[in-house]
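Asker: The opening position of the sequence shown corresponds to residue 469 in the numbering used here, with each subsequent residue numbered one higher.
Dropping a structure here in structure tokens format, bear with me for questions.
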Amino acid sequence: MPLPWQVSAWSRFQASAEAERIPHALLLGGPAGTGKGELARAMAARLLCQQPIGGAACGTCRDCRLRMAGSHPDLHIIEPATGGSGILKIESARELTEFSHRTSQHNSRRIAVLSPAEAMNRHTANALLKTLEEPPDGMVLILVSHQPGRLSATIRSRCQHYRLGVPPRAEAVSWLQTQGVAAPEALLELAGGSPLSARHLAAAEGVERFEALAGDLAAVIGERRSPVDVAMEWRSVGALETTQHMQRLAIQLMRGAIDARRRLSGYPGLERLQEKLTVERLRRIQTDLLPLRDAAEQPLSRELSIEALFLIWSRP
């Protein structure tokens, strides 16, 4: 089933499914952590189910059981390899092309979910476009993108769009409480309003991680610690995750610098760091972090990327 704030998007999809008017390609776009992947899987489940109940997959038919076991022959999930570069390479597109031309085993449809679509390199995107331009009968491709603007205009034009933004704050906090998340307001603030990102932070001791990062950055800015030494301690976290933490932290600090009511209280590391940074310096930090986010997603030197991150904060 979709998440509570996805009711409108789900109703639209459900109407298309019941009328048998599902397009060959759907694009679910919006900020990370809003449940686009969950919605994509719910859509795939509905399209494969033999006997939908209330417009959603029944969860008990043969197709549902195969899907839940991860062995449905007509469902193909394409994601970057865990621990890899984070890029969807040409091999992914080749797998998709082969899958799209197979004969359906159980259903009249074959469903492929590709996430995140912006992780495709140029060769992968070109190969995907060929599938979109000449879609085989019964093939439905669901693209999930945190940054749909990074996709080519041609790819976007071949898809039916679903825009999924962050939910209202009260609704997000209520959902986090049902998930057993402690301090949901603080986590939601750090996650930029994205509920699933907030839940992930809770599972990964997110507030403690942010507090530790803020304390280390305050020490670097105060010249009590070397950015190189601190970077070495964050190597185990990884360049990409450290970059994401820094970006979220910079956004939260900017909110607090502009409006004191948005500051998170009760976290000494965050409070010390907030006192050391002006709006102008935070704006420069945010600008300098952007290209390093892209660099962190590439198979470059992990140590070099993390060191560069901490050097950004050390500049006056």
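Don't be surprised by glycine CBs; every beta carbon is placed ideally from N, CA and C.
1. Assign residue 742 to buried or exposed, taking buried as 16 or more other Cβ atoms, counted over all protein chains shown, within 10 Å of its Cβ.
2. Should residue 750 and residue 722 be called a contact, given that it needs their Cβ atoms to be closer than 8 Å?
3. Is residue 641 closer than 8 Å to residue 838 when the C-beta atoms are compared?
4. Sorted by chain position, which residues of the same chain lie with C-beta nearer than 6 Å to residue 752's C-beta, five sequence neighbours on each side aside?
5. Write down every uninterrupted run of the beta strand (DSSP E) in the region 526-586 whose length is 3 residues or greater and which is fully enclosed by it, in chain order.
6. For residue 775, count neighbouring Cβ atoms within 10 angstroms of its own Cβ and tell me buried if that reaches 16, exposed if not.
7. When you compare each of 712, 737, 744 and 736 to residue 760 by their alpha carbons, which one comes out closest?
8. Could you give the residue range of the alpha helix (DSSP H) that holds residue 511?
9. Give the secondary structure of residue 785 by DSSP, where H, G and I count as helix, E and B as strand, and everything else as coil.
10. Out of 685, 542 and 605, which has the shortest C-alpha to C-alpha gap to residue 578?
11. For a quick check, are the C-beta atoms of residue 564 and residue 580 less than 8 Å apart?
12. Counting pairs of beta carbons, one from the region 481-500 and one from the region 623-635, are three or more of them closer than 8 Å?
Answerer: The short version:
1. Locating residue 742 in the sequence shown gives position 274, where the first residue counts as 1. It is buried - the Cβ of residue 742 has at least 16 other Cβ atoms within 10 Å.
2. Here the question's residue 750 lines up with position 282 in the sequence shown. Here the question's residue 722 lines up with position 254 in the sequence shown. Yes, the pair counts as a contact, with Cβ atoms nearer than the cut-off.
3. There is no way to answer for residue 838, as the model of the chain reaches only from 469 to 784.
4. Along the sequence shown, one-based indexing puts residue 752 at 284. Nothing meets the Cβ criterion.
5. 543-546 and 578-582
6. Within the sequence shown, residue 775 is the residue found at index 307, counting from 1. So residue 775 ends up on the buried side.
7. Numbered from its first residue, the sequence shown carries residue 760 at position 292. If we check each option's Cα against that of residue 760, 712 comes out closest.
8. By 1-based counting over the sequence shown, the position of residue 511 is 43. Per DSSP, residue 511 belongs to the alpha helix (DSSP H) from 504-516.
9. Since the first residue shown for the chain is 469 and the last is 784, residue 785 is missing from the structure and cannot be characterised.
10. The residue you call residue 578 lines up with position 110 of the sequence shown. Comparing Cα positions, the closest option is 542.
11. Position 96 of the sequence shown holds residue 564. Position 112 of the sequence shown holds residue 580. Going by C-beta atoms, residue 564 is nearer than 8 Å to residue 580.
12. yes
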